[in-house]
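A.B. asks:
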Amino acid sequence: MKKRTKIILEDEVPIHQQPRRLSLHEMKEVDKQLEEWLQQGVIRPSASDFASPIVLVKKKDGTTRICIDYRKLNRKIIKDRYPLPIIEDQIDKLANARIFTTLDLRNGFFHVPVTEDSVKYTSFVTPHGQYEFLKTPFGLCNAPAAGCISKFYIESAPTKIVTPSQVSETKGTLGGLQMVRDDNKPMIKFMKGMSFSSMDDIRMCETLRFQ
2 MKKRTKIILE DEVPIHQQPR RLSLHEMKEV DKQLEEWLQQ GVIRPSASDF ASPIVLVKKK
62 DGTTRICIDY RKLNRKIIKD RYPLPIIEDQ IDKLANARIF TTLDLRNGFF HVPVTEDSVK
122 YTSFVTPHGQ YEFLKTPFGL CNAPAAGCIS KFYIESAPTK IVTPSQVSET KGTLGGLQMV
182 RDDNKPMIKF MKGMSFSSMD DIRMCETLRF Q
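Numbering (this note's numbering), first residue to last: 2 to 212.
#1: Have a look at I8 and P128 and give me their C-alpha separation to the nearest angstrom.
#2: Count the CB pairs spanning the segment 114-124 and the segment 26-37 that are closer than 8 Å, and state whether there are at least three.
#3: Could you tell me if H112 is buried or exposed, where buried requires 16 or more neighbouring beta carbons within 10 angstroms of its beta carbon?
#4: Give the straight-line distance between the Cα atoms of I87 and L95, rounded to the nearest whole angstrom.
#5: Go through its chain and collect everything with a Cβ distance to Q131's Cβ below 8 Å, but skip five positions before and after it.
#6: Could you work out which residue in R76, N97, D90 is closest to N143 when comparing CA atoms only?
#7: Using a Cβ-Cβ cut-off of 7 Å (strictly less than) and excluding sequence neighbours within five positions of K80, which residues of its own chain qualify?
#8: How many angstroms separate the CA atom of P15 from the CA atom of L74?
#9: How about I44 and I55: are their beta carbons less than 8 Å apart?
#10: For R72, tell me which candidate among Q18, T65, E89 has the shortest Cα-Cα distance.
#11: Can you tell which of I67, D93, I92 has its C-alpha closest to the C-alpha of F139?
#12: Give the DSSP-derived three-state secondary structure of F111 in the structure shown.
#13: Put H129 into one of helix, strand or coil per three-state DSSP.
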C-alpha cells in the first residue's frame, strides 16, 4: 500500500492567516513556481477555512525555495509516532561496503500523497490566491516521518545513502533508482560524492550520473 500523509488535529478550529507582502520580483518567482506545481498536480486552488502564509527562503545555490509557515498549524497536529531505525543496526549494514553513493531527491516529500480528508489543512495563501497541497508539503511537522522508508537504503529522508559492495552492484542499484524516477517522478539531484578503489571504477561510474 502506498504511503499517504494523514493529518489529525487536536481540534477543528481553523488556523487562518493573511498573506505576507512580497516584492514584485518575489511575486513573479512565486507565480512561476505555483504554475509548475499546478501543472504537476502538486497543488490545486483552495477554498479551505485553513490558510497559512508562504515564506521565501534563499538556498545555498542561490535559488529560492517556497516554504509554508505551518508553525501555528503544527501546534495543533497530533504528531506521528514513527519508529525510527536503531542507528547501531544501520551502521552495521555498512560493514562490508566499499562504495558510498549519496543521492538527493528533489522535493522529496512531494512523492507522498496527502489523504483527501487532510488536504484542506495544507492550504496556504499568497497575495494572488489560495491553494492546497495534494502532495506532502515541506514544513509540516509530520512530513519527515511520511518520507521515511527503510529497505535496501540507509537513509535520512529525503537523502538516501546506497551502499553496495561492488561497482557492478552499484550500477544495478542506480539503474533501479532511475526506473523509480521514470515511474513515480522522483526528481533525483546530481550524486554528491562517491569513493572508489580505482580510476577505472570512477570512469565507469561517471556514466551513471543522472539528473
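We put the beta carbon where it would ideally sit given N, CA and C, even for glycine.
C.D. replies: By the coordinates alone:
#1: Position 7 of the sequence shown holds residue 8. Position 127 of the sequence shown holds residue 128. Linking I8 to P128 through their CA atoms gives a straight-line distance of about 26 Å.
#2: No contact exists between the segment 114-124 and the segment 26-37.
#3: Taking the sequence shown and counting its residues from 1, the one referred to as residue 112 is at position 111. With 16 or more other Cβ atoms within 10 Å, it is buried.
#4: For the purposes of this step, residue 87 is taken as residue 86 along the sequence shown, with counting starting at 1. For the purposes of this step, residue 95 is taken as residue 94 along the sequence shown, with counting starting at 1. When only Cα atoms are considered, I87 and L95 end up about 14 Å apart.
#5: Here residue 131 corresponds to residue number 130 of the sequence shown, with the count starting at 1. Non-local beta-carbon contacts of Q131 in its own chain, meaning distances under 8 Å to residues more than five positions away in sequence, involve P46, S47, A48, S49, A52, S124, F125 in chain order.
#6: Taking the first residue of the sequence shown as 1, we reach residue 143 at position 142. Its Cα nearest to that of N143, the residue R76 stands out among R76, N97, D90.
#7: Taking the first residue of the sequence shown as 1, we reach residue 80 at position 79. Excluding residues within five positions, the ones whose Cβ falls inside 7 Å are C142, N143.
#8: Taking the sequence shown and counting its residues from 1, the one referred to as residue 15 is at position 14. Taking the sequence shown and counting its residues from 1, the one referred to as residue 74 is at position 73. So the two alpha carbons sit approximately 9 Å from each other.
#9: Position 43 of the sequence shown holds residue 44. Position 54 of the sequence shown holds residue 55. Against a cut-off of 8 Å, the Cβ pair of I55 and I44 comes out as no contact.
#10: The sequence position of residue 72 within the sequence shown is 71, counting from 1. Of all alpha-carbon atoms in Q18, T65, E89, the one lying nearest the alpha-carbon of R72 is that of Q18.
#11: The residue labelled residue 139 in the question sits at position 138 within the sequence shown. Residue I67 is the option with its Cα nearest to F139.
#12: Residue numbering aside, residue 111 sits at position 110 when the sequence shown is read from its first letter. In the three-state reduction of the DSSP assignment, F111 falls in the helix class.
#13: Against the sequence shown, residue 129 aligns to sequence position 128. Three-state DSSP puts H129 in coil, outside helix and strand.
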